[in-house]
Amino acid sequence: MAGPLFDRVLPPEPAATAPGTDSPGPPRDAEAAADPLLADLTPAQREAVTHLDGPMIVVAGPGSGKTRVLTRRVAWLVLRAGVEPWRILAITFTNKAAEEMRARIERLLVAEGAGGAAEGVLVSTFHSFCARMLRRYGPPGRTSDFTIYDTDDQKACLKRVLAELQLDAAQWRPGALLARISEAKNRLLDAEAFAEQAAGWRDEVVARVYRAYEQALAQFNALDFDDLLLKMLALLEREPQVREELRARFRHVLVDEYQDTNRPQYLIANLLAGADGNLFVVGDPDQAIYKWRGADLRNILEFERDHPSAREVRLERNYRSTRAILRAAEGLIEHNRERRARRLFTDNDEGVPLRLVRCLSDEEEARLVADEIAARLEQGGCPARELAVFYRANALSRRFEEELRRRGIPHRVVGAVPFYQRREVKDVLAWLRLLANPDDQQALARVIGLTGNLGAGTLGRLAERAATRGWSVLRTLLEDTAVMEQLRAPQRRALSGLRELLAELRAMPPAPVLPLLQRVLERTGYLEALRGADDPQELARADNVEALLNAAAELDAREPAGGYRALLDQAALWSAVEEDGADGEAVRLMTLHAAKGLEFDEVFIVGFDDRLLPLEREDSACDLEEERRLLYVGLTRARRRVTLTSAMVRRTWGRERTAQPSRFLAELPSEVLERTGTAGLRLAAAPLPQPPPSRSAPPPAAFAARLGELRARAAAVRPGGSTAAELVAGARVRHAVFGEGEVLEVSGSGVGRRVRVRFERIGTKTLVLQYANLERLT
DNA sequence: CCATTCGATGTTTTT
DNA sequence: CATCGAATGG
Numbered sequence: 001m002a003g004p005l006f007d008r009v010l011p012p013e014p015a016a017t018a019p020g021t022d023s024p025g026p027p028r029d030a031e032a033a034a035d036p037l038l039a040d041l042t043p044a045q046r047e048a049v050t051h052l053d054g055p056m057i058v059v060a061g062p063g064s065g066k067t068r069v070l071t072r073r074v075a076w077l078v079l080r081a082g083v084e085p086w087r088i089l090a091i092t093f094t095n096k097a098a099e100e101m102r103a104r105i106e107r108l109l110v111a112e113g114a115g116g117a118a119e120g121v122l123v124s125t126f127h128s129f130c131a132r133m134l135r136r137y138g139p140p141g142r143t144s145d146f147t148i149y150d151t152d153d154q155k156a157c158l159k160r161v162l163a164e165l166q167l168d169a170a171q172w173r174p175g176a177l178l179a180r181i182s183e184a185k186n187r188l189l190d191a192e193a194f195a196e197q198a199a200g201w202r203d204e205v206v207a208r209v210y211r212a213y214e215q216a217l218a219q220f221n222a223l224d225f226d227d228l229l230l231k232m233l234a235l236l237e238r239e240p241q242v243r244e245e246l247r248a249r250f251r252h253v254l255v256d257e258y259q260d261t262n263r264p265q266y267l268i269a270n271l272l273a274g275a276d277g278n279l280f281v282v283g284d285p286d287q288a289i290y291k292w293r294g295a296d297l298r299n300i301l302e303f304e305r306d307h308p309s310a311r312e313v314r315l316e317r318n319y320r321s322t323r324a325i326l327r328a329a330e331g332l333i334e335h336n337r338e339r340r341a342r343r344l345f346t347d348n349d350e351g352v353p354l355r356l357v358r359c360l361s362d363e364e365e366a367r368l369v370a371d372e373i374a375a376r377l378e379q380g381g382c383p384a385r386e387l388a389v390f391y392r393a394n395a396l397s398r399r400f401e402e403e404l405r406r407r408g409i410p411h412r413v414v415g416a417v418p419f420y421q422r423r424e425v426k427d428v429l430a431w432l433r434l435l436a437n438p439d440d441q442q443a444l445a446r447v448i449g450l451t452g453n454l455g456a457g458t459l460g461r462l463a464e465r466a467a468t469r470g471w472s473v474l475r476t477l478l479e480d481t482a483v484m485e486q487l488r489a490p491q492r493r494a495l496s497g498l499r500e501l502l503a504e505l506r507a508m509p510p511a512p513v514l515p516l517l518q519r520v521l522e523r524t525g526y527l528e529a530l531r532g533a534d535d536p537q538e539l540a541r542a543d544n545v546e547a548l549l550n551a552a553a554e555l556d557a558r559e560p561a562g563g564y565r566a567l568l569d570q571a572a573l574w575s576a577v578e579e580d581g582a583d584g585e586a587v588r589l590m591t592l593h594a595a596k597g598l599e600f601d602e603v604f605i606v607g608f609d610d611r612l613l614p615l616e617r618e619d620s621a622c623d624l625e626e627e628r629r630l631l632y633v634g635l636t637r638a639r640r641r642v643t644l645t646s647a648m649v650r651r652t653w654g655r656e657r658t659a660q661p662s663r664f665l666a667e668l669p670s671e672v673l674e675r676t677g678t679a680g681l682r683l684a685a686a687p688l689p690q691p692p693p694s695r696s697a698p699p700p701a702a703f704a705a706r707l708g709e710l711r712a713r714a715a716a717v718r719p720g721g722s723t724a725a726e727l728v729a730g731a732r733v734r735h736a737v738f739g740e741g742e743v744l745e746v747s748g749s750g751v752g753r754r755v756r757v758r759f760e761r762i763g764t765k766t767l768v769l770q771y772a773n774l775e776r777l778t
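Given below as structure tokens:
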């Protein structure tokens with residue numbers, strides 16, 4: 001049964017290829033073949049995993065088992081090479097990737113009875129790693145209590161700066177200014193250096209703003225994202241003993257997604273590892289999609305120049321996709337000039353051609369894709385979580401959400417509004433922020449704004465008093481008497497209430513954090529106010545506040561000594577809280593950027609219009625090669641099928657625009673492409689290729705289990721949408737007609753499965769789950 | 001000081 | 001079109 005699939009994992013092909021590439025071949029030696037950490041790897045993967053001393057670069061094509069190499073390597077270092085776990089630093093691009101890698105490493109270690117060792121390995125993003133080190137050693141020019149400013153904080157801060165400089169925020173847009181400042185920081189230009197190279201009148205203004213912004217951050221004891229990297233860099237450069245300490249500790253530095261590192265990240269990694277240190281980087285120049293954010297392709301293209309002793313391994317065998325998908329992706333990417341030649345290969349089946357569907361309008365596009373998804377789920381064999389819709393810009397997601405919701409198809413938009421950036425979450429955290437950093441004026445402004453009867457006037461007085469006395473804003477708030485005297489009775493009362501709360505919070509221990517949050521909510525009535533509202537949006541906010549309480553409880557359990565500081569760091573750095581856990585049985589919607597590193601059975605790339613996929617902007621010329629790489633990333637996420645859709649008329653922000661299919665269409669080899677009109681998008685004529693190609697070659701047992709799991713999941717999905725397993729008593733649901741309610745009871749099984757729901761508007765009703773079209777609310 | 005209303009304004013991608 | 005921000009009246 002598993003035979004033919006399993007054969008593909010280790011194909012018996014001749015091994016007449018040069019070392020350093022991963023053409024399939026027999027195991028080098030019997031010893032490796034017997035090691036469960038190495039047995040199922042190709043020679044190239046094995047070489048990467050077992051590389052011991054000195055720098056190494058792994059250029060890993062999509063679906064070539066890169067994550068598997070990284071995790072195996074960490075396990076191998078610990079279990080076979082005798083490296084102490086805490087000497088290993090693994091850096092990923094996102095927190096989500098870090099968490100996933102940590103989990104996978106742990107599983108490998110647990111399998112050999114070394115589960116405890118997993119704790120020691122530091123798996124982190126550059127930003128979290130830097131924040132952690134800066135907390136320990138103290139960043140130059142700040143204290144260890146510094147606050148991390150996210151994009152919103154930066155904007156608010158910049159607005160204050162603009163007001164001080166008497167610049168018009170409409171003319172000098174904060175977003176644009178911050179982009180300039182960030183760009184400068186990525187190029188390692190501080191305000192002075194920027195001013196020196198400023199050309200022209202506008203740059204002079206930017207320079208002034210930059211300088212003032214830096215002063216404000218220093219005054220508030222705050223660091224923005226870029227500063228985390230720059231301060232870490234400064235620490236490593238200026239403090240030899242810190243550098244040596246860290247170098248001595250982290251004997252192995254592994255960096256994932258190396259093609260997307262920027263200059264400061266590059267320097268940090270290299271300073272940590274030292275010239276001939278054990279720097280192990282994995283990346284793929286063809287998947288570099290963050291140039292706009294300062295990523296520097298030279299970091300990966302010139303790795304060998306920087307590290308003459310470096311060994312290179314290339315992983316070019318793809319385990320993921322059908323031949324058709326791979327050929328399409330290759331055909332596309334070959335049009336890039338700034339690129340090293342490479343050829344991917346696979347043993348997988350040819351599969352079915354890619355579909356291009358030209359829709360009449362964007363509405364039709366959403367409808368067709370949703371119909372197709374509904375049909376696929378009904379057909380079985382493909383669980384919802386294996387379907388994904390990708391788009392170039394977040395703005396496109398809405399229509400697809402609506403259509404999926406209308407059909408009761410469980411779906412999730414990945415990373416749209418990051419959890420910790422939601423207003424209600426930031427509101428509640430503001431009190432803790434003020435506690436953590438008494439100079440954080442941004443937090444003070446929030447707290448004041450949330451306290452009844454207090455507003456801009458009081459804030460201004462406090463800030464002024466703080467400035468004249470040289471006190472922190474928190475101290476001014478708590479102790480200054482002059483401010484009190486300036487205020488009228490209602491404000492005075494409000495202010496003393498606030499004082500009491502803050503004093504109480506200060507008297508409480510910094511950990512665990514949950515009681516602190518509870519006290520804030522209790523004393524401010526924040527949560528109650530949200531709960532009491534009848535606006536569903538407000539209720540959703542209340543749910544988010546409760547989710548925050550959960551996150552706090554989890555943090556307390558995981559890291560008992562962390563306390564509110566740990567929560568705040570998590571909040572600032574962890575923007576995409578993406579729990580791909582048990583409730584993950586849903587179709588994924590995301591931007592092409594967010595898709596990096598993921599894989600799905602079937603992928604829909606929507607909005608494949610010319611001015612949208614090579615995205616055209618008014619002001620700046622677009623980087624065609626980067627756009628092409630973005631599409632390349634999207635195509636190579638798919639295991640079995642890709643559908644591209646474009647619309648002849650697209651309504652974007654009010655007005656209609658006619659559109660052409662993407663110019664990239666012409667770059668896809670026509671023999672793997674099937675063009676259809678809208679009538680052609682019929683599932684009956686387009687089954688998924690069967691059997692599916694092997695998922696990136698898991699061991700046989702896991703593979704069989706995975707198949708069983710996939711089938712079980714597929715069976716659980718009803719045309720009506722909700723997964724049977726999802727609904728339990730107490731869950732909140734929405735019905736198209738009856739509105740919102742709470743599940744009281746679930747009974748029966750199969751098609752007879754019923755659910756009793758108490759609806760807010762019409763009372764209790766019993767529904768047949770299969771037909772109820774219930775939408776689960778979070 | 002606060003709530004509401006109106007107007008203007010702008011959309012890439014994210015740590 | 002939707003959200004955000006400023007202006008206005010209570």
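Numbering (the working numbering), first residue to last: 1 to 778. Glycine included, each C-beta is placed from N, C-alpha and C at the ideal position.
{"query": "One question on the structure: do T151 and V123 come within less than 8 Å of each other, judged by their Cβ atoms?", "result": "no"}
{"query": "For the alpha helix (DSSP H) containing E803, name the first residue and the last one.", "result": "As displayed, the chain neither begins before 1 nor continues past 778, which places residue 803 out of reach and without an answer."}
{"query": "Would you check if the distance between the CB atom of T143 and the CB atom of R104 is smaller than 8 Å?", "result": "no"}
{"query": "Report yes or no: do three or more beta-carbon pairs, one from the region 118 to 134 and one from the region 277 to 286, lie closer than 8 Å?", "result": "no"}
{"query": "For E538, which of R506, R422, L77 has the nearest alpha-carbon?", "result": "R422"}
{"query": "Looking only at C-alpha atoms, which of L673, R628, Q570 sits nearest to A288?", "result": "R628"}
{"query": "Determine which residues share a DSSP beta bridge with R558 and list them.", "result": "According to DSSP, which records beta bridges pairwise, R558 is partnered with nothing at all."}
{"query": "For C382, count neighbouring Cβ atoms within 10 angstroms of its own Cβ and tell me buried if that reaches 16, exposed if not.", "result": "buried"}
{"query": "Sort Q241, D286, K291 by Cα distance to L272 and report the nearest one.", "result": "Q241"}
{"query": "How is G283 classed by DSSP in three states: helix, strand or coil?", "result": "strand"}
{"query": "Measure the C-alpha to C-alpha separation of A191 and D226 and round it to an integer number of angstroms.", "result": "13 Å"}
{"query": "What are the complete beta strand (DSSP E) segments, minimum 3 residues, inside the region 221 to 300?", "result": "222 to 224, 252 to 255, 278 to 283"}
{"query": "For A90, which option in L236, G331, F250 has the closest C-alpha, if you only look at C-alpha atoms?", "result": "F250"}
{"query": "Between the alpha carbons of V733 and L635, how many angstroms are there, rounded?", "result": "35 Å"}
{"query": "CB V428 to CB L505, shorter than 8 Å?", "result": "no"}
{"query": "Roughly how many whole angstroms lie between the Cα atoms of R337 and R135?", "result": "43 Å"}
{"query": "Excluding the five sequence neighbours on either side, which residues of its own chain have a C-beta within less than 6 Å of the C-beta of E112, listed in chain order?", "result": "L79"}
{"query": "Do you know how far the Cα of P490 is from the Cα of L459?", "result": "15 Å"}
{"query": "Along the alpha helix (DSSP H) that carries R132, what are the first and last residues, could you check?", "result": "126 to 137"}
{"query": "Between the C-alpha atoms of V743 and T481, what's the straight-line distance to the nearest angstrom?", "result": "54 Å"}
{"query": "So is Q441 buried or exposed if we call it buried at 16+ other beta carbons inside 10 Å?", "result": "buried"}
{"query": "What's the gap between the Cα of F220 and the Cα of R412?", "result": "37 Å"}
{"query": "DSSP state of V428, grouped into three classes?", "result": "helix"}
{"query": "Since A60 is in the beta strand (DSSP E), which residue starts that stretch and which ends it?", "result": "56 to 60"}
{"query": "Mind reading off the beta-carbon distance from N186 to R263? Whole number of angstroms is fine, and I expect it under 8 Å.", "result": "6 Å"}
{"query": "Entirely within the region 609 to 678 and at least 3 residues each: give me those beta strand (DSSP E) ranges in chain order.", "result": "638 to 652, 655 to 658, 673 to 676"}
{"query": "Helix, strand or coil for G741 per DSSP?", "result": "strand"}
{"query": "Do I268 and L229 have their C-beta atoms closer together than 8 Å?", "result": "yes"}
{"query": "Check M101 in the structure and name its three-state DSSP category.", "result": "helix"}
{"query": "Along the chain, where does the beta strand (DSSP E) that runs through T147 open and close?", "result": "147 to 149"}
{"query": "Please report the straight-line C-alpha distance between R327 and F345, rounded to a whole angstrom.", "result": "9 Å"}
{"query": "What does the Cβ neighbour count give for H252, buried or exposed, with the cut at 16 atoms within 10 Å?", "result": "buried"}
{"query": "Along the chain, where does the beta strand (DSSP E) that runs through R358 open and close?", "result": "354 to 361"}
{"query": "Could you tell me the distance, in whole angstroms, from the CA atom of V414 to the CA atom of L487?", "result": "47 Å"}
{"query": "In this structure, does DSSP put E192 in helix, strand or coil?", "result": "helix"}
{"query": "Could you check the C-alpha separation between S182 and L396 for me, to the nearest Å?", "result": "27 Å"}
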